[in-house]
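Protein chains in written order, with the numbering used here: chain H, 67 to 314; chain L, 67 to 314; chain G, 67 to 314; chain X, 67 to 314; chain B, 67 to 314; chain S, 67 to 314.
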């Protein structure tokens, strides 16, 4: 039995609110269990130097946690004067994940800035951020597509992420903080709507894991991301059809 | 007529939600018009070096804005590696203001960390932060007082803040961003529940102002902060009685 | 009786030496009591990015203290690798104050860099810096005006600043460090030669103050800044006539 | 056919030189193809604050590249004043990997500092660093064990790492830089001597990958790490017996 | 003929004012030609970690220039967030030079902080700083010696510094900025009152120099530093006798 | 007798390997005794801003030590977020020294980046770096000259550096770390192949030195640098003839 009574293959309650922040081009408030993240997407009409005159766009993500998102207050990175290694890893991961489902040529010479700010943290903040940021990104692109600034809708597929882990001997889906702390293996899996892997990051720092355990975790992750994609699709309604469509 | 149809001496709609962030000792979500701030209060059982063995406590505030709180995305201070002058001014102001209504001896050797994170900005973020942070601070202290860790409730008086300005020739209360941008004089006033000044900061960078204009603005500020205090009192209910009380 | 025998409404001894630093376009050594500041004004023939092609100029101020300006050596900000919040507040204040009496259009696309370096500190360093920087700024602009690089003399009015405070129950003018440390209220007031307010910053962190105390302090500040303006005028001699004149 | 004529499941030439740096407790020079890394292990008789009085030790890794390890000179992180996100990810990975095969209790309150400096880079620098650092770590611990400062040899298992990827449609082992640049999927796998996974990091930023491709890559990685472990064992000779042994 | 009419072996006019900054334990204003430096000496009753419980003291120097000490405004190091290489070299040089004539054992576990702030720069700022700092240091130590906090006066010898260079083909003493810019060789020499070398730093970046030119420059430097020592002695009056004396 | 049995005027064993790092335009591995440095030279086809459109080139050097180059691990400057004063001094010295033998006009608008990374340190790292970097620089320039991108070979003379010092009473050549630590005077001398001084830096922090001692040290340094130049010449073979030649 899990600490919150869930089944081993059950996601926590998911809620996504679109258009949460007025000034942003795309924005969602996403909560998965007690993990809550504000994701915004900003369209900037220029690209980083290495892409100038390439005809291609870029997606950059930034991630942060409010100091009291956690039980013990964490020091602000702005006060420390530098971003921690953990934050850098997460923001690189989010950017990479979103880029994997976007046709950067079709995006044109634009940068999408994705900001994920964790308001409350209870495990799985990075996977929650990716799942929410995907919706914010789509929302930021739709007006551009509707006013023909984009010839083709650049999002090629859905994208969702979840965490899995081994607790005791058992593979479990969508770990909350308490579970995450006691898990011997921790794995984040990001998948497309079509069921391909975008990123797998599994760590057995406490306990290296066997090929069989790996397969169990991958199976759970596939189930979890598929369920998240269903939620994203319902939420986007008609707009979901643009994704991966023949809309050139 | 003001841009949003308000009277010259009218506050925007105020909403304060208590206990907004689960892990924090005190937390509120405050919105004044479209300005929205999450304020948390954290109790730390130690003080900065300059107060060790003094028997006195301290209050430190930190302030930040999400990148898309504003119409144009602002670069994160963590990414820049330093806090801007504006942020420093605001966090020093918030800390000073809260300390002015707290008996630091009665607080004992504890630090209150006040975090104000602007989710959406539409003018008056620093005064909104102070008004909300006051409530979060009281909420963080009540459990300490109830379990007798504090002999005396250390909050001596209510505290609220508002902005006033001269738009055209007219003094106005509680400027939204659009008004603030066009105001020739901009003033922030922080007052206690008993109607004393804690801080006055008035700037006529565009247009120095006369003593008469100063008086008009001070009158509006008094009205605005009094109304905010009424809202704080209602919200705190019975707990409001601890403030400034004979509870020693 | 005040610690140095002055009357409650009396300034300390003021001395201003012009052309103190040979390489600078404008420079003064100003002492008010034992507070001594070197102020220089530098003319740079370009503006910050946000003003390019606007036809307008800009004024930026920087402020620093020598490590032994104070009784206890303060660590250099260069060694710490960052500017403190106090310094940022002061340099923003100085810049804002000087800009309030300058017609930035008439200045043209130039930046005035104002540097205020406190050699010895005995209270009121920021107000002393502003009073001295005003003279250095005028001196830096006169040659430009005389060689017709400026069509109109851009300085619209005199500018002087002083501090006032409540010591015990009594409002006092121009606090020295010892008085400042024991004052319950501390206020800086910056006024134009015509008697308008440019900036009011009053803080009652130790003790919130009443409207009556505010009026007493404002009256003293008016007297003090008026006297400082008389000294500035005498010092500038004929050049004083350019200020605010019909010199187009 | 691969660019350097290797078979798809073939490692590049591996060379490891022990005791390469005289002053270090453990040090190796490892080259895999044209990738060359100097790995040193330093024993420090104290632990980071979070482990004080826990009886447990710690392993921290740092990674860097000489500016001309690469075809285009990279700017030194010391000159930039900060460590890049890529470096942080790699040093966190190396530390985590080594800790997974060390009994930190048996290590006692000591820190092992692992330094991996890439002298020449031709793909796979992080996996080469891990493979070499493992040997340097063992060498640094042996003298401690021999002089009885360690009651039990703390290294529980061998550790080796390699990269795999999809080039065109084909899974390949141990990518050189040229292959890595053109790979559509890139995966780093770290395994123990007993064939368990310590870390899997696979990214299909350019092209999400199928479950079948994942299995092919995992099979190659297993073969490659097993071969590297054979080389490590031969090199360590008799000392290899301490690893995972009943030496308590 | 030199640009300012001096003879090739002639120092510029030297002026040293003692007790220039009230709050500092020792302080001088030194001008050599148009180079002006404020030097202060601070006594701190503790030492850096590497000297704790060694019974020995330390001397640390910091050096800075006001932005308009020079013809073109230089950016403040505090604003840049780091100290330049030039500044670091100079402050290390000043500290090393002063330590060479101080018996650090006799100083006891104290740190002398030497601050040299260049108010106006016209060549030779580092040598001027050393010559002035020596006097400030002696002045800071005398009260300690007089109140018996020091058993022995720790200053063993006088210390003065000057610059020499090759202009065209001619060796010259005490270069001003204009000469320094056109010199093909530039050398700073620091000598004790007894005529020994403490530091020689000669650079022929533009033109390597011959052994004969080196000898000519060393001869001039000896003459210049001897003259500076005479001035220091006169200025210190009776206190000069403590230096290197049998005062144990 | 010296600690390693050398004569007082004897260099340690010198070894220089050319073309040590494949990707670099010029690179050497130099060892002098147990001091080992990798030096690379990179040609960049642009110059720093202050030289744009001047027709002149530039040489910039960077220097670093691996953490375990030394007996006690030194913290990485990248981790500290800043370069130490010692490193800055050394990299400025190396750059200045190399520029002194290069005709920057003949180099054209190019920057040579010289990177010196100390793999193992046993005294004299900066002089070893200079001696090695000279060879790497020549090797980087030869291909440019051979393909006529340079009309004239820009290196005017050989360059080598060594350290000398006073141990006890005796002047000694090429100090190893153990000697360096006990030396009372420490001097680095950089000389051209024609026997001129490029830089002399002598410090008697522990013990000021006499003119006679200075002469003895200069004589040894002359002998040592001459021997190093012989080694450089042999190593460069025919290419040595380009240096200082009539190759216009």
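The beta-carbon is built from N, C-alpha and C at its ideal position, and this holds for glycine as well. Source: prediction; values computed, not measured.
Around residue 293 (chain H), the same chain offers 77 as residues with beta carbons nearer than 7 Å, after the five sequence neighbours per side are excluded. Annotated three-state conformation of residue 203 (chain G) is helix, per DSSP. Per DSSP, the continuous beta strand (DSSP E) segment holding residue 180 (chain X) begins and ends at 177 to 186. Under DSSP, residue 95 (chain H) shares a beta bridge with H:83, H:104. Beta-bridge annotation (DSSP): residue 268 (chain L) is paired with L:253, G:266. Contact fails between the segment 72 to 87 of chain H and the segment 143 to 160 of chain H, because fewer than three Cβ pairs, one in each stretch, are under 8 Å apart.
Straight through space, the alpha carbons of residue 188 (chain X) and residue 309 (chain S) are spaced by roughly 34 Å.
Scanning its chain for C-beta atoms nearer than 7 Å, with the 5 sequence neighbours on each side dropped, one finds around residue 223 (chain B) the residues 167, 258, 259, 260, 309, 310, in chain order. For residue 289 (chain L), none of the residues of chain G pass the 7 Å Cβ criterion, the least Cβ distance being about 14 Å.
If you check the CB distance, residue 203 (chain H) and residue 107 (chain H) come in under 8 Å.
In the assembly as shown, residue 97 (chain H) is a buried residue. Its beta-carbon has 16 or more other beta-carbons within 10 Å.
Against chain L, the CB of residue 185 (chain H) has a partner CB under 8 Å away; the residue lies at that interface.
Counting along the chain, residue 290 (chain X) sits inside the alpha helix (DSSP H) bounded by residues 277 to 302. Of all residues in the segment 104 to 119 of chain G, those with a C-beta nearer than 7 Å to a C-beta of chain B are 104, 106, 108, reading in chain order.
Under the three-state reduction of DSSP output, residue 258 (chain H) falls in the strand class. For residue 237 (chain L), the enclosing beta strand (DSSP E) covers residues 236 to 239. For the 8 Å CB-CB criterion, residue 183 (chain X) and residue 82 (chain X) do not form a contact. By the Cβ neighbour-count rule, residue 138 (chain X) is exposed, with fewer than 16 other Cβ atoms within 10 Å of its own.
DSSP places residue 198 (chain G) in the helix class (H, G or I) of the three-state scheme.
Between the segment 218 to 235 of chain B and the segment 160 to 176 of chain B, the count of Cβ pairs shorter than 8 Å is three or higher; the stretches touch. Counting only residues of its own chain and dropping the five nearest sequence neighbours on each side, residue 233 (chain H) has a CB closer than 7 Å to the CB of 245, 248, 249. Rounded to whole angstroms, the Cβ separation of residue 273 (chain H) and residue 251 (chain H) is 6 Å, and the two are in contact under 8 Å. Assignment of beta strand (DSSP E) within the segment 110 to 189 of chain H, counting only whole runs of 3 or more residues, yields 124 to 131, 177 to 186 in chain order. Within chain S, no C-beta atom comes nearer than 7 Å to that of residue 244 (chain X); the closest sits roughly 13 Å away. Look at the segment 169 to 203 of chain L: the residues with a C-beta under 9 Å from a C-beta of chain H are 179, 181, 183, 185, 186, 187, 188. For the segment 264 to 295 of chain G, the residues whose beta carbon sits under 7 Å from a beta carbon of chain L are, in order, 264, 265, 266, 267, 268, 269, 270, 271, 274, 275, 276, 280. If you draw a straight line from the Cα of residue 117 (chain X) to the Cα of residue 88 (chain S), it comes to about 43 Å. For residue 268 (chain B), the closest alpha carbon among the candidates S:159, S:91, S:140 is that of S:159.
Proximity of chain S to residue 148 (chain X) at the Cβ level (cut-off 8 Å) is accounted for by 144, 147, in chain order.
In the three-state reduction of the DSSP assignment, residue 69 (chain X) falls in the coil class.
In the assembly as shown, residue 212 (chain L) is an exposed residue. Its beta-carbon has fewer than 16 other beta-carbons within 10 Å. Here residue 226 (chain S) carries a strand assignment [DSSP, helix/strand/coil]. Counting the other Cβ atoms within 10 Å of the Cβ of residue 79 (chain G) gives fewer than 16, which makes it exposed. Near chain X, meaning a CB-to-CB distance below 7 Å, the residues of the segment 150 to 168 of chain H are 151, 154, 155, 158, 162, 165, 166. Linking residue 179 (chain G) to residue 199 (chain G) through their CA atoms gives a straight-line distance of about 10 Å. Residue-level contact by beta carbon holds for residue 258 (chain H) and chain X, with a gap shorter than 8 Å.
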